[in-house]
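>
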Amino acid sequence: MLREEVLSLLSEASSRGWLMEPQAKEVFRLAGLDVTRFLWTEKIQEAARFASEIGYPVVAKVVSPEVIHKSDVSGVVLGISNDKQLGEAFKAMSTIRGFQGVIVEETVRGTELILGMKLDKQFGPIIMLGTGGTAVEIYKDVAIRMAPLREQDIESMLTSLKARPLLEGYRGAEPISVEALKTMLLAFSSLVMEFENKVESIDLNPVICNASRCVITDARIMLAGR
Amino acid sequence: MTSTRFNNWSAQEGKMDLKRLFKPETMAVIGVSLNNESHPANVIYNKNHLRYQIPVYAVNSKGGLIRGEPVYPKIGDIPAKIDLAIIATKADIVPTVTAECIEAGVGGAVVISGGFSEAGFTDLQDRLVSTAREAGFPFIGPNCLGIFSPFLMDTFFIPGERMVIPRKGKVAMVSQSGGILVDHMAKCALEGVGVSLAVSIGNKALINEIDMLKYLSEDPGTEVITFYLEGFDENEGRAFVLAAATCGKPVIVLKSGRTPAGSNAVKSHTASIAGDYEVFSSVMAQHGVVEATDEYEIVTFAESLSCYKKTINGNIGIITGSGGHGALATDACLSHGLKVPRFSEAEQAELHNSVSPTIKNIASFSNPVDLTGSATDDDFVAAALTLSRNNNIECIIVLLLPYLPGITMDLGARLNFVYQQEGKPIVAYVPHVDKYSMLIDGFTLNNMPVAHTVEDAVHMAEAMRRYRPC
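Order-wise, the sequence lines are chains A and B. Residues 1 to 226 in our numbering are what the first sequence lists, from first letter to last. Residues 1 to 470 in our numbering are what the second sequence lists, from first letter to last.
As structure tokens, then:
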């Protein structure tokens, strides 16, 4: 059963049809998945205080009910290394349509993956894992499986990716924690089965994996029935 | 899983008994014309009456005589219990005729008539379905060719002499489209693939692919099941793959209508990348359902898997009488994700020791094993035996060139002995020309797959790899 908190996050977003990043991330945090540490605020002072608390560099992202793909409207700034840069990013984003504040979050380094879900008409919930980032639709290096995922599905998804060498530590890089990724995939799979027909699709993009953790740095939930 | 919604899909008709439908002892054809011999009902009546053993009765509300036999006004008038009714009347009276069949205790029906949902008359189809479902009465169609069962019956409205009929065998074929089914049967006949049952399910209003899968998985005459699919209804795909994955027999599918996903900025990346076909293809592979990409592959895969119900990881040993053929086969293996591992010194020495002195020093043993044009049957058998006992090899492809002087027409049957003894799948390539048919029969009649192109031989090996869930 979905937790009450998750159900209310979904129902609050029902008129818009999709959950903005802060609410979407909360859904996954409640389900036990690792999510970046972040603050959602409309006040620059609070943003700066949080940034110094978690330590620069930080990431700033726009929150707007009118913006589904943030990169398309310059709504994502990475590698902000001081208060001044944060202030500039904040100011620029405040002019984006539907501005409802900014997310300030920790910078996580590692390999970018996409973890997604789609409610397929013929097969019900399916799960997609692949090379993440803004170019996912160009490279289309993905593995698709019907949910719920079994252990063997997860193994074969990882094996089938072209980017597999990147996960295993390509050219001197540290390999990612496959255990952390598997744990995330299993938790994600259970969650999407519980969504039943409420959710139409999900993008967790990127999920950043490194030697110690696999963390959701951006999340979008599109609701069904619109 | 806590959710039940996605785990409880199953065919609604799973409890219906399909035995009288597919293995009838009596038949009636409803809608036989008294003056039009080329009416579909007449074609069906005539071919079953003249060529098959099952008693078949004609029905037309006007009554009368056809070929000296009585035409009964209603199905209930026939003085015998009818197992299978073939309904070929006008669409609008099909629900009434079906109700009459139910009342007369008929076991099931094939509804040939068109003019239902495919023509926009969804209400009429719904009425037919609800009549049948209420009574637990199974029917195939509407808008279909129905059932071809070798030596038993044939509801296709195609004159018997126009059909290319495959030999009786172990492959069951199910298709939404009747035309495609007839075509696939012709290809099976050409390739020597035997068919256990062929069914066109048309609009699949009641009995769908999942019902067919369940029936065929329990049919002792069927070892491999093929489907030509146009699309699943909502959530049917899930029920289908779950049933296929657990049915215990290889399932091969060919899908049409691979429309591109189409990128849409408003959609999620996942919805955009995971289009209908990408999902279909991935989910089939995930469950070990073998996807064919064209009409040739479906027959090739069926031939291979009906001989070998095995899964392999993909390590292939190649034996050839010509270096060029070996190289082509290696390329084809690699492009299909199969491996052709190079043999170690010890493995090569073993092969070297097994063959005749004549070729010992001219043959190469690294994989492909090239026995050269001087090889004889004995050399092929010896190499096949050695590779059969090599645990690093899961399947052997033998490229046979019957024009080599040392090769005889007996080699197929001799290689079959090797398979019988060692149990390792052997796939042969022999050029398919009439001149070599005895060699080809040596394989086919002994239940070994034989391909007529090098590429096809590789496909046969690939079928066993794809049968493995991934």
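Idealized CB from N, CA, C, for every residue including glycine. Just so it is clear, the structure is predicted and the values come from calculations on it, not from any experiment.
Measuring alpha carbon to alpha carbon, tell me which of A:S14, A:Q100 and A:E26 ends up nearest K43 (chain A).
Against the first sequence, residue 43 (chain A) aligns to sequence position 43. Of the candidates A:S14, A:Q100 and A:E26, the one whose C-alpha sits nearest the C-alpha of K43 (chain A) is A:Q100.
> What residues of chain B sit near I202 (chain A), judged by a beta carbon separation below 8 Å?
What you label residue 202 (chain A) is simply residue 202 of the first sequence in a count that begins at 1. Under the 8 Å cutoff, chain B gives S268 and T270.
> Which residues, taken in chain order from the segment 113-135 of chain A, show a beta carbon closer than 7 Å to some beta carbon of chain B?
Cβ contacts with chain B come from I114, G116, M117, K118, D120, K121, Q122, F123, G124, P125, I126 and M128.
> Along chain A, which residues have their Cβ under 7 Å away from the Cβ of G237 (chain B)?
Mapped onto the second sequence, residue 237 (chain B) falls at position 237. Ordered by position in chain A, the residues that pass the 7 Å Cβ test against G237 (chain B) are Q122 and F123.
> Between the Cα of K540 (chain B) and those of B:L401, B:C470, B:D370 and B:T358, spot the shortest distance and give me the residue it belongs to.
What the structure shows of chain B is the stretch from 1 to 470, and residue 540 (chain B) is not part of that stretch, so it cannot be assessed.
> For Q176 (chain B), count neighbouring C-beta atoms within 10 Å of its own C-beta (all shown protein chains included) and say buried if the count is 16 or more, exposed if not.
Along the second sequence, read from residue 1 onward, the residue named residue 176 (chain B) stands at position 176. Result: buried.
> Answer yes or no: does any C-beta atom of chain B fall closer than 9 Å to that of Q23 (chain A)?
Along the first sequence, one-based indexing puts residue 23 (chain A) at 23. False, the Cβ-Cβ gap to chain B never drops below 9 Å.
> Along chain B, in chain order, which residues have C-beta atoms closer than 8 Å to that of V153 (chain A)?
Mapped onto the first sequence, residue 153 (chain A) falls at position 153. A small fix is needed here, since residue 153 (chain A) is Asp in this sequence, not Val. The answer, in chain order, is Q286.
> Can you give me the Cβ contacts of A375 (chain B) inside the same chain, cut-off strictly under 6 Å, excluding the 5 residues immediately before and after it?
To locate residue 375 (chain B), count along the second sequence from 1; it is residue 375. Within the same chain, A375 (chain B) has close Cβ partners G321, I359 and G406.
> What is the residue span of the beta strand (DSSP E) that A80 (chain B) lies within?
For the purposes of this step, residue 80 (chain B) is taken as the residue at position 80 of the second sequence. Segment: none, A80 (chain B) is in no beta strand (DSSP E) and carries neither H nor E.
> Along the chain, which unbroken stretches of the alpha helix (DSSP H) at least 4 residues long are found entirely within the segment 163-198 of chain A?
164-167 and 178-195, all fully within the segment 163-198 of chain A.
> Once you ignore the five residues that flank H452 (chain B) on each side, which residues in its own chain have a CB closer than 6 Å to its CB?
For this step, residue 452 (chain B) is matched to residue 452 along the second sequence. Closer than 6 Å at the Cβ level, and outside the excluded window around H452 (chain B), lie H432.
> In this structure, how does DSSP classify G63 (chain B) when only helix, strand and coil are distinguished?
Residue numbering aside, residue 63 (chain B) sits at position 63 when the second sequence is read from its first letter. DSSP places G63 (chain B) in coil when its eight states are reduced to three.
> From D377 (chain B) to V430 (chain B), what does the alpha carbon distance come to, in whole angstroms?
Against the second sequence, residue 377 (chain B) aligns to sequence position 377. Against the second sequence, residue 430 (chain B) aligns to sequence position 430. Roughly 14 Å between the two C-alpha positions.
> Going by beta carbon distance, what residues of the same chain come within less than 6 Å of L197 (chain B), once the five residues before and after it are set aside?
For the purposes of this step, residue 197 (chain B) is taken as residue 197 along the second sequence, with counting starting at 1. For L197 (chain B), where only same-chain residues beyond five positions count, the Cβ hits under 6 Å are S149 and A172.
> Roughly how many angstroms lie between the CA atoms of I30 (chain B) and P250 (chain B), to the nearest whole one?
The count along the second sequence starts at 1 and reaches residue 30 (chain B) at position 30. The count along the second sequence starts at 1 and reaches residue 250 (chain B) at position 250. Cα to Cα, the separation comes out at about 36 Å.
> Which bits of chain A does E291 (chain B) rub up against, with CB to CB less than 8 Å?
Translated into the one-based positions of the second sequence, residue 291 (chain B) becomes position 291. Chain A residues near E291 (chain B): none, gap ~13 Å exceeds 8 Å.
> In chain order, what residues of the same chain lie with their CB nearer than 6 Å to the CB of V73 (chain A), ignoring the 5 residues before and after it?
Numbered from its first residue, the first sequence carries residue 73 (chain A) at position 73. V67 and I96.
> Between A:G75, A:Y56, A:I114 and A:G55, which lies nearest to S64 (chain A) when the distance is taken from Cα to Cα?
Counting from 1 along the first sequence, the entry for residue 64 (chain A) is found at position 64. The residue with the shortest Cα to Cα distance from S64 (chain A) is A:G75.
> Between the Cα of G317 (chain B) and those of B:D370, B:V299 and B:M284, spot the shortest distance and give me the residue it belongs to.
On the second sequence, residue 317 (chain B) is found 317 positions in, with the first residue counted as 1. Nearest option by C-alpha distance: B:D370.
> Kindly say whether R145 (chain A), judged by its beta-carbon, lies nearer than 9 Å to any beta-carbon of chain B.
Locating residue 145 (chain A) in the first sequence gives position 145, counting from the first residue. Closer than 9 Å to some Cβ of chain B, the Cβ of R145 (chain A) qualifies, so yes.
> Does any CB atom of chain B fall closer than 9 Å to the CB of V229 (chain A)?
Within the shown structure, residues of chain A are numbered from 1 to 226, placing residue 229 (chain A) beyond reach of any answer.
> Who does A292 (chain B) pair with in a DSSP beta bridge?
Numbered from its first residue, the second sequence carries residue 292 (chain B) at position 292. DSSP output for A292 (chain B) lists B:L254 as bridge partner(s).
> Between C545 (chain B) and the rest of its own chain, which residues show a CB-CB distance below 7 Å, the 5 nearest in sequence each way excluded?
This structure cannot speak to residue 545 (chain B), because chain B is shown only from 1 to 470.
> For the beta strand (DSSP E) containing V73 (chain A), name the first residue and the last one.
Reading the first sequence from its first residue, position 73 is the one you call residue 73 (chain A). Where V73 (chain A) is concerned, there is no enclosing beta strand (DSSP E), given that its DSSP letter is neither H nor E.
> Just to check my reading of the structure: M27 (chain B) and D83 (chain B) have Cβ atoms closer than 8 Å, yes? What is that Cβ distance to the nearest angstrom?
Counting from one through the second sequence, the residue named residue 27 (chain B) turns up at place 27. Counting from one through the second sequence, the residue named residue 83 (chain B) turns up at place 83. The pair is a contact, with the Cβ atoms about 7 Å apart (cut-off 8 Å).
> For R51 (chain B), collect the residues of the same chain with a Cβ closer than 7 Å to its Cβ; drop the 5 residues on either side in sequence, then sort them by chain order.
Numbered from 1 along the second sequence, position 51 holds the residue referred to as residue 51 (chain B). Cβ neighbours of R51 (chain B) beyond the five flanking positions: G160.
> When you compare the CB of S15 (chain A) with every CB in chain B, is at least one pair closer than 9 Å?
Here the question's residue 15 (chain A) lines up with position 15 in the first sequence. Not one chain B Cβ lies under 9 Å of S15 (chain A).
> Leaving out the 5 sequence neighbours to the left and right, which residues in its chain are closer than 7 Å to D120 (chain A) when beta-carbon positions are compared?
To locate residue 120 (chain A), count along the first sequence from 1; it is residue 120. Excluding positions up to five away in sequence, the list reads I126.
> Would you say M184 (chain A) reaches chain B, if we count a Cβ-Cβ gap shorter than 9 Å as a contact?
In the first sequence, the residue the question calls residue 184 (chain A) occupies position 184. Closer than 9 Å: no.
> Tell me the rounded alpha-carbon separation between C333 (chain B) and Y308 (chain B).
For the purposes of this step, residue 333 (chain B) is taken as residue 333 along the second sequence, with counting starting at 1. For the purposes of this step, residue 308 (chain B) is taken as residue 308 along the second sequence, with counting starting at 1. Their backbone Cα atoms lie some 18 Å apart in a straight line.
> Helix, strand or coil for Y72 (chain B)? Go by DSSP, reduced to three states.
Locating residue 72 (chain B) in the second sequence gives position 72, where the first residue counts as 1. Note: Y72 (chain B) maps to strand in three-state DSSP.
> Exposed or buried, N392 (chain B), counting other C-beta atoms within 10 Å across all chains shown (16 or more means buried)?
Within the second sequence, residue 392 (chain B) is the residue found at index 392, counting from 1. That one is exposed.
> Does the beta-carbon distance from K116 (chain A) to H269 (chain B) come in below 9 Å?
Working through the first sequence from its first residue, we reach residue 116 (chain A) at position 116. Working through the second sequence from its first residue, we reach residue 269 (chain B) at position 269. Inspection of the sequence shows that residue 116 (chain A) is occupied by Gly rather than by Lys. Taking 9 Å as the Cβ cut-off, G116 (chain A) and H269 (chain B) qualify as a contacting pair.
> Span of the beta strand (DSSP E) holding F99 (chain A)?
What you label residue 99 (chain A) is simply residue 99 of the first sequence in a count that begins at 1. Premise fails: F99 (chain A) is in no beta strand (DSSP E) and is neither H nor E.
> What residues are listed by DSSP as bridge partners for M146 (chain A)?
Within the first sequence, the letter at position 146 stands for residue 146 (chain A). A:I126, per the DSSP bridge assignment.
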